[in-house]
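Position in the sequence shown (from 1) plus 7 gives the number in this note's numbering.
Here a beta-carbon is modelled for each residue, glycine too, at the ideal position from N, C-alpha and C.
Here the structure is a predicted model, which is why all the values come from computation and not from measurement.
The structure under discussion appears below in the form of C-alpha cells.
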Amino acid sequence: MRIIKMLLVCAVCAAALCGCAAHELEDRIFAQAMELDWRDGVLTGGFGDFLTEGNSVKEVRENYQDKLDKYLDLGHVQAIVLGEALCANDEKLREVLLELEQMPVIYRNSLVFRHDYRDDESYLKELADEGKVPGEYLCDRYRNTPHSKPAETLGELLSDVF
8 MRIIKMLLVC AVCAAALCGC AAHELEDRIF AQAMELDWRD GVLTGGFGDF
58 LTEGNSVKEV RENYQDKLDK YLDLGHVQAI VLGEALCAND EKLREVLLEL
108 EQMPVIYRNS LVFRHDYRDD ESYLKELADE GKVPGEYLCD RYRNTPHSKP
158 AETLGELLSD VF
C-alpha cells in the first residue's frame with residue numbers, strides 16, 4: 008500500500024513538473040487571410056508577406072511556416088482569396104476546396120474572394136503595404152460596400168462545386 012501511494016505521489020509530481028508544449032501567444036502569427044493560385048502547374052499561396060509553392064494547401068502552409076520564426080496560427084482566417092487561374096482549373100479547384108473543408112481551423116463561413124493575379128505579386132502584401140489589415144479589410148469592404156467585388160462563403164462555394 009505504501010509503495011502504491013509513493014508511486015502515485017511520484018506520478019503527480021512528474022505530471023506537475025512537465026512543461027506545456029503549446030505555443031505561447033507571443034510566439035504566434037495570427038493569419039486573417041490566405042491566398043491561393045495556380046501558376047505554371049504549381050499551387051502558389053501565402054498568408055500575407057510572401058508567396059510559397061506546393062502541391063497542396065498543406066504543403067503551401069508548411070513551406071510558408073518554414074520561412075517564419077513564429078508559429079503560423081490559421082484559426083482566425085476570415086478571408087480566402089482564390090486566383091482566377093485556380094478557379095478556371097475545375098479539377099484543382101475541387102481538390103483545394105476539399106482540402107480546405109477538411110482543415111479544422113478553416114471555417115465554412117470564411118469569405119472567398121477572387122483576384123486576377125499577375126506576375127509574382129501577393130495581393131495580401133499589396134493590401135498590407137497600403138496600411139490595411141487584409142482579412143479585416145476584405146470582410147469590411149464586402150459587408151459595408153454594396154457594390155464591392157462579389158464574394159461567397161466557403162460553405163456556399165463547397166455546396167456549388169460538390
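If we count the other Cβ atoms within 10 Å of its Cβ and call it buried at 16 or more, is residue 154 buried or exposed? Counting every other CB atom within 10 Å of its CB across the protein chains shown gives residue 154 a total below 16, marking it as exposed.
Measuring only the C-alpha atoms, how far is residue 145 from residue 136? The C-alpha of residue 136 is placed about 14 Å away from the C-alpha of residue 145.
Check whether the region 114-125 touches the region 80-90, taking contact to mean three or more Cβ pairs, one atom from each stretch, closer than 8 Å. The region 114-125 vs the region 80-90: in contact.
Which listed residue (111, 95, 82) has its alpha carbon closest to that of residue 40: Ranking 111, 95, 82 by Cα distance to residue 40 puts 82 first.
According to DSSP, is residue 163 helix, strand or coil? In the three-state reduction of the DSSP assignment, residue 163 falls in the helix class.
Quick one: using the 10 Å Cβ neighbour count with 16 as the cut-off for buried, is residue 57 buried or exposed? Label assigned to residue 57: exposed.
What separation, rounded to the nearest whole angstrom, lies between the Cα atoms of residue 50 and residue 115? In this structure, the straight-line span from the alpha carbon of residue 50 to that of residue 115 is close to 21 Å.
So is residue 111 buried or exposed if we call it buried at 16+ other beta carbons inside 10 Å? Burial check for residue 111: the Cβ neighbour count within 10 Å stays below 16, so the residue is exposed.
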